[in-house]
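K.L.:
Heads up: the sequence shown runs through residues 18 to 369, numbered per our numbering.
Before we start, here is the structure in question, set down as structure tokens.
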Amino acid sequence: MMFTLRRLGESVPLDNVIATPLFAVNVFAPIEWFLNYVFGPGMDVLADLLGMPMLEYPYMQRAYLAALCIALIGPVVGTFLVHREMAMISDTLAHTAFAGVAVGLFLNSAFSLTLSPLFTAFVVAVVTALLVELLVEHAGAYSDTSLAIVLTGGFAVGSILITATDGGIAVGIDAYLFGSLATVSTESVGILVLMSVLVGSLVTLAYRPLLYVTFDATAARAARLNVRLYKRLMVVLTALVVVSAMQIMGVILVAAMLVVPVAAAAQVAESFKQSILLAILAAEFAAIAGVTLSYVYGIAAGGSIVVAAIAVYTLALSSRELRHRLPTVQRFSSSQSEHPGTELEADGGEQE
18 MMFTLRRLGE
28 SVPLDNVIAT
38 PLFAVNVFAP
48 IEWFLNYVFG
58 PGMDVLADLL
68 GMPMLEYPYM
78 QRAYLAALCI
88 ALIGPVVGTF
98 LVHREMAMIS
108 DTLAHTAFAG
118 VAVGLFLNSA
128 FSLTLSPLFT
138 AFVVAVVTAL
148 LVELLVEHAG
158 AYSDTSLAIV
168 LTGGFAVGSI
178 LITATDGGIA
188 VGIDAYLFGS
198 LATVSTESVG
208 ILVLMSVLVG
218 SLVTLAYRPL
228 LYVTFDATAA
238 RAARLNVRLY
248 KRLMVVLTAL
258 VVVSAMQIMG
268 VILVAAMLVV
278 PVAAAAQVAE
288 SFKQSILLAI
298 LAAEFAAIAG
308 VTLSYVYGIA
318 AGGSIVVAAI
328 AVYTLALSSR
338 ELRHRLPTVQ
348 RFSSSQSEHP
358 GTELEADGGE
368 QE
């Protein structure tokens with residue numbers, strides 16, 4: 018079987034500003050090597066086996082790898098958030114990350130700078146994550162109100178900055194709002210891979226304390242755990258995940274990958290670890306299906322992935338309902354077999 022190797026570093030930038038790397042080029046050299054000599058050739062083989070030429074296209078290979086990374090780190094962080102009943106934090110940080118992108122594009126437009134919008138989005142999202150955690154600590158029962166204020170405020174700031182330049186940066190920001198397969202560059206994939214390693218490592222190292230804090234913060238304090246530190250760690254990781262995933266998912270939908278697969282896994286999982294594993298599997302399936310449907314039908318990648326994830330959730334919910342009904346039917350059937358002479362008459366009486 019013959020296939021060719023080719024460079025996958027080329028991208029389709031929206032403009033020179035958006036294409037500016039967030040980190041030094043050397044940081045992404047291993048990622049480019051992996052794309053060129055491992056992931057790319059593997060996708061070429063799959064393209065030949067499955068008869069799907071689209072798997073050979075460099076931008077589709079980058080899109081699939083990015084989606085797989087999002088589907089890994091989203092549920093890992095989202096599982097802790099959902100069980101803390103703080104799922105709205107992900108949506109809040111997504112909208113403030115949009116403000117961060119707008120800040121970067123505004124500064125570049127107004128002062129002729131070359132800041133990466135992703136860099137400003139990371140800074141704004143992390144600062145907001147710490148602010149949000151403080152608000153949640155002090156707001157008590159009104160934490161959802163605080164989150165809603167930050168969410169709408171972040172989006173408002175972003176919209177103001179867009180209009181402050183007479184809409185000149187509106188075109189550049191569309192890709193961050195709705196996501197795009199064509200704009201997934203090697204740098205974007207590199208950021209997602211690095212974040213996957215970082216988030217996975219931190220959650221693995223701090224798994225037990227995070228679990229303790231998630232389910233019983235009071236007992237964790239009694240055990241002399243630094244509850245505030247671990248809560249802040251989780252919201253910062255959420256901010257990093259959200260910003261990393263923006264370019265393919267879009268700000269509006271990125272939070273869904275932290276919530277929907279976790280909700281699907283919760284319908285069938287029997288333990289917390291199993292919930293994380295099943296959430297990752299559900300997210301990976303949704304990511305692959307969504308990217309494929311996006312290319313085939315020419316629709317938004319982020320929307321396709323989220324709809325696929327919701328479909329998985331619907332199936333999981335239906336499966337749980339079916340499992341709950343089956344034991345009742347089985348008990349009724351076994352009762353009838355143990356007492357074959359007992360039947361219900363049409364008038365409701367029993368035949369002895």
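All residues carry an ideal CB built from backbone N, CA and C; glycine is no exception.
On a predicted model such as this, the values are computed, not experimentally measured, just so you know.
May I ask you to verify whether the stretch 301-317 touches the stretch 66-83, counting CB pairs closer than 8 Å and requiring at least 3?
P.N.:
yes
K.L.:
What did DSSP end up calling serine 160 once you bin it into helix, strand or coil?
P.N.:
helix
K.L.:
Which residues in the same chain have their Cβ closer than 6 Å to the Cβ of arginine 79, if we skip the five residues on either side of it in sequence?
P.N.:
Val201, Val206
K.L.:
With a threshold of 8 Å, are at least 3 pairs of Cβ atoms found where one atom belongs to the stretch 124-132 and the other to the stretch 87-99?
P.N.:
No: fewer than three Cβ pairs fall under 8 Å.
K.L.:
What whole-angstrom Cβ distance do alanine 11 and alanine 256 have, given they're in contact under 8 Å?
P.N.:
The structure shown does not extend to residue 11, since the chain is modelled only from 18 through 369, so no value can be given for it.
K.L.:
How is the alpha helix (DSSP H) around isoleucine 7 delimited, first residue to last?
P.N.:
In the structure as shown, the chain begins at 18 and stops at 369. Residue 7 is therefore absent and cannot be evaluated.
K.L.:
Taking DSSP as the reference, what is the three-state secondary structure of glycine 175?
P.N.:
helix
K.L.:
Once the 5 residues before and after alanine 237 are set aside, which same chain residues still bring their CB inside 6 Å of it?
P.N.:
Tyr229, Val230, Val244
K.L.:
Put glycine 95 into one of helix, strand or coil per three-state DSSP.
P.N.:
helix
K.L.:
Between serine 321 and valine 268, what straight-line distance do the alpha-carbon atoms span, to the nearest angstrom?
P.N.:
Rounded to the nearest whole angstrom, the C-alpha separation of serine 321 and valine 268 is 14 Å.
K.L.:
Check whether the Cβ atoms of leucine 370 and valine 285 lie closer than 8 Å to each other.
P.N.:
What is shown of the chain runs 18 to 369, which leaves residue 370 out entirely.
K.L.:
Could I get the ranges of all uninterrupted alpha helix (DSSP H) runs contained in the stretch 46-95, with 4 residues as the minimum, in chain order?
P.N.:
46-51, 57-67
K.L.:
Look at the Cβ atom of arginine 153, then the Cβ atom of alanine 138, and state whether they are nearer than 8 Å.
P.N.:
The question names arginine, but residue 153 is valine in the sequence shown. Not a contact, by the Cβ cut-off of 8 Å.
K.L.:
Which whole-angstrom value is the C-beta distance of tyrosine 247 and proline 226, which I expect to be below 8 Å?
P.N.:
5 Å
K.L.:
Alpha carbon to alpha carbon, what distance is there between valine 120 and valine 174?
P.N.:
9 Å
K.L.:
Taking the beta carbon of phenylalanine 115 as the centre, do at least 16 other beta carbons fall within 10 Å, making it buried, or is it exposed?
P.N.:
buried
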